[in-house]
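A.B. asks: Sharing a structure, written as structure tokens. Questions coming.
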Amino acid sequence: MPAEAPSRTLVVAINPRAASGRGAGVGSRTVAALRRAGWAVTPLQEDSSEALAAAVTAALAARPSALIVVGGDGMVGLGANAVAGTDVPLGIVPCGTGNDMARNLGLPVRDVPAALDRLVAALDGSLESPRRIDAGLVTGADGRDTWFACALSAGFDATVNERANRMRRPRGASRYVVALLRELVTFGPVDYTLTIDGREERVPAVLVSVGNAGSIGGGMRIAPDAVLDDGLLDVLIVAPLSRLTFLRLFPRVFRGTHAALPQVRLLRARSISIAAAGARAGIIAYADGERLGPLPLDIRVVPGALAVLA
1216 MPAEAPSRTL VVAINPRAAS GRGAGVGSRT VAALRRAGWA VTPLQEDSSE
1266 ALAAAVTAAL AARPSALIVV GGDGMVGLGA NAVAGTDVPL GIVPCGTGND
1316 MARNLGLPVR DVPAALDRLV AALDGSLESP RRIDAGLVTG ADGRDTWFAC
1366 ALSAGFDATV NERANRMRRP RGASRYVVAL LRELVTFGPV DYTLTIDGRE
1416 ERVPAVLVSV GNAGSIGGGM RIAPDAVLDD GLLDVLIVAP LSRLTFLRLF
1466 PRVFRGTHAA LPQVRLLRAR SISIAAAGAR AGIIAYADGE RLGPLPLDIR
1516 VVPGALAVLA
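Laid out in structure tokens, this is it:
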């Protein structure tokens, strides 16, 4: 008997609200392009991220060839939580606000036709051996585990993310800049307890980020030398500084030249625990642009946990 033909089935998860509603149109274009390329597609679109995550989990039981997410970094996080630690590859059609994971993977982030061409080519050529990258695994105080592919924020950067997600204008990455300026008025240092690869230290800081990839917030290069498959997480710690100095810092973060500043520490680790004391002990952390929950958190890298079509 002839060998059974390999499956050509895909699950496509769509965030219709990505980029102020542009995601729905990009989702339909993605489904059409994949079907023209000969793939059987199951499109998924729900009213909430929780419902969409549940629908994705159910659809993956049929063992599709890959999961494709259409949206921004939040959709990448949803996809990572669905397929990390499995053999199902994750494909990305970026159309969100930040698109940092796509940027770090070298995917087109402002050209949907080019992104679709790249995805179809990757599907046809990479399914047998997709690229393996690391992922971060976070355990919250409630014992719940969450994966992230790009980065986790647990300081001023997280409060900026929280404000930016509530804003409707401006659109695009400039929303993060406006949110940053507004948060800067009231934000102060946090007294952190960090346990880095088993070594505990108490650190006053205004910003703590843990990156698997190198950028967040639409291109802020928090860890410019991060490598997606080195088995390590890049940790950025910024010591307390004046508001004026902080404003001078951020252009350098976008250029990736902030590492030389005396207030900045960049280090690599396999695990890090983050706790906070004082008035800001309940600071809310974000991972892949989505609200994760309050500190404390335990974070570790899982090498090669995520297969990606890139």
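Residue numbers in the sequence shown follow my numbering, run continuously in steps of one, and reach 1525 at the last position. Backbone N, C-alpha and C fix where the C-beta goes; we use that ideal spot for every residue, glycine too.
1. Is Met1316 helix, strand or coil by DSSP?
2. Based on the DSSP secondary-structure assignment, which residues constitute the bridge partners of Val1479?
3. Can you tell me where the alpha helix (DSSP H) with Gly1289 in it begins and where it stops?
4. Ignoring anything shorter than 3 residues or poking outside the stretch 1220-1265, list the beta strand (DSSP E) runs there in chain order.
5. Which of helix, strand or coil does DSSP assign to Phe1371?
6. Just the C-alpha distance for Pro1217 and Arg1223, rounded to the nearest angstrom, thanks.
7. Thinking Asp1349 and Gly1504 are a contact (beta carbons under 8 Å), I'd like their distance in whole angstroms, please.
8. Exposed or buried, what is Pro1304 when buried is set at 16 or more other beta-carbons lying within 10 Å of its beta-carbon?
9. So Arg1346 and Val1523 are in contact, right, with Cβ under 8 Å, and what is the actual spacing, rounded?
10. Relative to the C-alpha of Val1324, which candidate in Ile1283, Leu1459, Gly1433 and Asp1513 has its C-alpha closest?
11. Measuring straight from C-alpha to C-alpha, what distance separates Ile1487 and Leu1448?
12. Return the chain-ordered list of same chain residues with a C-beta closer than 8 Å to the C-beta of Leu1360, the five sequence neighbours on each side being excluded.
13. Hey, would you say Val1260 sits closer than 8 Å to Ile1283, going by beta carbons?
14. Check this for me: beta carbons of Leu1293 and Val1256, under 8 Å apart or not?
15. Along the beta strand (DSSP E) that carries Arg1384, what are the first and last residues, could you check?
16. Distance check for Ala1297 and Pro1258, CA to CA, integer angstroms please.
17. For Gly1519, which residues in the same chain have their Cβ closer than 6 Å to its Cβ, ignoring the five residues on either side in sequence?
18. So, helix, strand or coil for Val1335, using DSSP?
19. Which first and last residues belong to the beta strand (DSSP E) in which Ala1522 is found?
20. Could you tell me which of Gly1508, Leu1476, His1473 and Ala1441 sits nearest to Asp1315, measuring between CA atoms?
21. Using the Cα positions of Val1405 and Leu1510, report the straight-line distance between them to the nearest angstrom.
22. What's the gap between the Cα of Pro1309 and the Cα of Gly1286?
23. What residue from Ala1474, Thr1374, Ala1336 and Asp1513 has the CA that sits closest to Gly1413's CA?
24. So, for Gly1321: in the same chain, excluding its five sequence neighbours on each side, which residues have a beta-carbon less than 8 Å away from its beta-carbon?
25. Work out the CA separation of Met1382 and Thr1312 for me, nearest whole Å.
26. With which residues is Ala1350 paired in a DSSP beta bridge?
C.D. replies: From the atom records:
1. The residue labelled residue 1316 in the question sits at position 101 within the sequence shown. Here Met1316 sits in helix by DSSP.
2. What you label residue 1479 is simply residue 264 of the sequence shown in a count that begins at 1. Val1453.
3. Residue numbering aside, residue 1289 sits at position 74 when the sequence shown is read from its first letter. Bounds of the alpha helix (DSSP H) holding Gly1289 are Asp1288 to Val1298.
4. 1224-1229 and 1255-1259
5. Here residue 1371 refers to the residue found at position 156 of the sequence shown. Residue state, collapsed to three classes: helix.
6. Here residue 1217 refers to the residue found at position 2 when the sequence shown is read from its first residue. Here residue 1223 refers to the residue found at position 8 when the sequence shown is read from its first residue. Summary for Pro1217: the model assigns pLDDT 38, below 50, so the residue's position carries little reliability; its value from the coordinates is reported in the next sentence. The straight-line gap from Cα to Cα measures roughly 17 Å.
7. As a first step, residue 1349 is located in the sequence shown; it is residue number 134 there, counting from the start. As a first step, residue 1504 is located in the sequence shown; it is residue number 289 there, counting from the start. Not really, about 18 Å apart at Cβ, beyond 8 Å.
8. Walking along the sequence shown from the start, residue 1304 turns up at place 89. Looking at its Cβ environment, which holds 16 or more other Cβ atoms inside 10 Å, Pro1304 is buried.
9. The sequence position of residue 1346 within the sequence shown is 131, counting from 1. The sequence position of residue 1523 within the sequence shown is 308, counting from 1. About 5 Å; that satisfies the 8 Å criterion.
10. Start at 1 with the first residue of the sequence shown, and residue 1324 comes out as number 109. Closest option to Val1324, Cα to Cα, is Gly1433.
11. By one-based count along the sequence shown, residue 1487 stands at place 272. By one-based count along the sequence shown, residue 1448 stands at place 233. Rounded to the nearest angstrom, the two C-alpha atoms are 9 Å apart.
12. Translated into the one-based positions of the sequence shown, residue 1360 becomes position 145. Checking the displayed sequence, the identity of residue 1360 turns out to be Asp instead of Leu. So the qualifying residues of the chain are Leu1352, Val1353 and Thr1354.
13. The residue given as residue 1260 occupies position 45 in the sequence shown. The residue given as residue 1283 occupies position 68 in the sequence shown. Checking the sequence, you will find Gln at residue 1260 rather than Val. No, Cβ-Cβ distance for Gln1260 and Ile1283 is not below 8 Å.
14. Indexing the sequence shown from 1 puts residue 1293 at position 78. Indexing the sequence shown from 1 puts residue 1256 at position 41. Val1256 sits away from Leu1293, with the two beta carbons spaced by 8 Å or more.
15. As a working mapping, residue 1384 is identified with position 169 in the sequence shown. Here Arg1384 belongs to no beta strand (DSSP E), and DSSP marks it neither H nor E.
16. Counted from its first residue, the sequence shown places residue 1258 at position 43. Counted from its first residue, the sequence shown places residue 1297 at position 82. If you draw a straight line from the Cα of Pro1258 to the Cα of Ala1297, it comes to about 15 Å.
17. Numbered from 1 along the sequence shown, position 304 holds the residue referred to as residue 1519. Same-chain partners within the cutoff: Arg1347.
18. If you number the sequence shown from 1, residue 1335 lands on position 120. Here Val1335 sits in helix by DSSP.
19. As a first step, residue 1522 must be located in the sequence shown, where it is residue number 307. Leu1512 to Val1523 is the extent of the beta strand (DSSP E) around Ala1522.
20. Translated into the one-based positions of the sequence shown, residue 1315 becomes position 100. Nearest of Gly1508, Leu1476, His1473 and Ala1441 to Asp1315, Cα basis: Ala1441.
21. Walking along the sequence shown from the start, residue 1405 turns up at place 190. Walking along the sequence shown from the start, residue 1510 turns up at place 295. Rounded to the nearest angstrom, the two C-alpha atoms are 12 Å apart.
22. Position 94 of the sequence shown, counted from the start, is the residue given in the question as residue 1309. Position 71 of the sequence shown, counted from the start, is the residue given in the question as residue 1286. Using only the alpha carbons, I get a separation of about 5 Å.
23. As a position in the sequence shown, residue 1413 is number 198, starting the count at 1. Measuring from the Cα of Gly1413, the nearest candidate turns out to be Asp1513.
24. Position 106 of the sequence shown, counted from the first residue, corresponds to residue 1321. Cβ neighbours of Gly1321 beyond the five flanking positions: Ala1525.
25. As a working note, residue 1312 is residue 97 in the sequence shown. As a working note, residue 1382 is residue 167 in the sequence shown. Cα to Cα, the separation comes out at about 12 Å.
26. Within the sequence shown, numbered from 1, the residue matching residue 1350 stands at position 135. Note: Ala1350 sits in a beta bridge opposite Val1517.
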